[in-house]
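Visitor: Let me begin by handing over the structure; questions about it come next.
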Amino acid sequence: MLTVFNFLLDGAPHAVNGAIVLSRKNISSASYYYGTVRVYDNGWGNVCNDYYYNYAEANVICHQLGYTGASSYSWAGSVSYGTDYLSMKWDDVNCASSSYLSIAQCSYSTIIDSGCVNNTTRIWNSNPYAGMVRLQDGVYSNEGHVEVYCNGQWGTICSDGFDSNNANTICKQLGYDASFGFNNFSLHDNSSNLTVWSRSIPNLPND
Numbered sequence: 001m002l003t004v005f006n007f008l009l010d011g012a013p014h015a016v017n018g019a020i021v022l023s024r025k026n027i028s029s030a031s032y033y034y035g036t037v038r039v040y041d042n043g044w045g046n047v048c049n050d051y052y053y054n055y056a057e058a059n060v061i062c063h064q065l066g067y068t069g070a071s072s073y074s075w076a077g078s079v080s081y082g083t084d085y086l087s088m089k090w091d092d093v094n095c096a097s098s099s100y101l102s103i104a105q106c107s108y109s110t111i112i113d114s115g116c117v118n119n120t121t122r123i124w125n126s127n128p129y130a131g132m133v134r135l136q137d138g139v140y141s142n143e144g145h146v147e148v149y150c151n152g153q154w155g156t157i158c159s160d161g162f163d164s165n166n167a168n169t170i171c172k173q174l175g176y177d178a179s180f181g182f183n184n185f186s187l188h189d190n191s192s193n194l195t196v197w198s199r200s201i202p203n204l205p206n207d
C-alpha cells in the first residue's frame with residue numbers, strides 16, 4: 001500500500017495569492033518535476049512571460065516548489081506539453097535574483113497584454129536531489145502519492161505507521177503549511193516496480 005496525499009495550502013481548501021502549483025493537464029510525460037506553471041491570484045491561472053522570463057525566474061519557481069533549481073524552461077506552445085487555455089493571471093514576471101525563495105518576491109504585472117496567449121504559458125523542468133520528496137499521479141503538483149529520491153532513483157514509501165504528523169512533515173518539506181488529508185491506495189503499473197525505501201515510518205515531529 002502507498003500513501004496518497006491531497007495537499008492544499010494553509011491546510012484549507014483555498015490558496016493564498018502568490019502560491020504556485022505545477023499543472024499536468026495535457027502532459028503525457030512520465031516525469032513529474034516539470035509541467036505548466038500556475039499561480040494563484042484570486043483564482044488559479046497561467047503565467048505569461050513573453051519578454052522577461054529566463055533562468056532567474058525559472059530557478060525561483062523551482063525553489064518555491066522545493067527543488068534546488070531549474071534545469072530548463074520553455075513555452076507551452078514550443079513543446080509537446082499542450083495548452084490548457086486557462087486565463088492568464090500574471091505577466092512579465094521579473095526576478096532580480098535567482099536566489100529568491102518565492103515568486104512573490106519578484107516584480108510582475110496583473111495587466112495582461114495582448115501578446116499573452118496560451119503558447120506563451122511557461123513550462124519548467126527542475127533538478128531532483130537526494131532526500132527530495134515528490135507527489136506523483138495527481139492532476140496538480142500539490143496532490144498525489146509520495147515518492148522519495150535516494151541513491152540516484154525514485155522510490156516509494158509504505159503507509160505502515162504513517163499518521164498526520166508524517167503527512168504534515170512531508171507537506172512542510174514541499175513548502176506547504178500543512179496536510180489537508182491523506183489516505184491509502186494499492187500499487188499500480190506505474191509504481192509497482194519502484195523500490196520501497198521505507199516500510200514503516202517513525203512518528204516524525206511536524207514542526
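Residue 1 is where the sequence shown starts when you use UniProt numbering, and the numbers rise one by one after that.
For every residue, glycine included, the Cβ atom is placed at its ideal position computed from N, Cα and C.
These figures come from a predicted structure and were not determined experimentally.
(1) Quick one: Cα of N59 to Cα of C158, how far?
(2) Once the 5 residues before and after I111 are set aside, which same chain residues still bring their CB inside 8 angstroms of it?
(3) Could you tell me if residue 222 is buried or exposed, where buried requires 16 or more neighbouring beta carbons within 10 angstroms of its beta carbon?
(4) On the DSSP letters alone, give me the boundaries of the beta strand (DSSP E) that I157 sits inside.
(5) Going by Cα to Cα distance, which pick from G138, F182, Y108, I20 is closest to G66?
(6) List the whole-angstrom C-beta distance separating L194 from G155, where the pair is believed to meet the contact cut-off of C-beta under 8 angstroms.
(7) Nearest CA to the CA of C116: which residue from I103, L86, W44?
(8) Return the chain-ordered list of same chain residues with a C-beta closer than 7 angstroms to the C-beta of N151, the five sequence neighbours on each side being excluded.
(9) Where does T68 fall in DSSP's three states?
(10) Please report how far the alpha carbon of F162 lies from the alpha carbon of S114, in whole angstroms.
(11) Starting from residue 223, trace the beta strand (DSSP E) in both directions and tell me its first and last residue.
(12) So, is N168 buried or exposed, given that buried needs 16 or more other C-beta atoms within 10 angstroms?
(13) Taking the C-alpha atoms as reference points, what is the distance between G138 and S97?
Guide: Taking the structure as given:
(1) 31 angstroms
(2) Result list for I111: D91, in chain order.
(3) For residue 222 there is no data in the structure shown, the boundaries of the chain being 1 and 207.
(4) 153–157
(5) The residue from G138, F182, Y108, I20 with its alpha-carbon nearest to that of G66 is I20.
(6) 5 angstroms
(7) L86
(8) none
(9) Reduced to three states, the DSSP call for T68 is coil.
(10) 49 angstroms
(11) Outside the shown range of the chain, which is 1 to 207, sits residue 223, and nothing can be said about it.
(12) By the 16-neighbour rule on beta-carbons within 10 angstroms, N168 is buried.
(13) 31 angstroms
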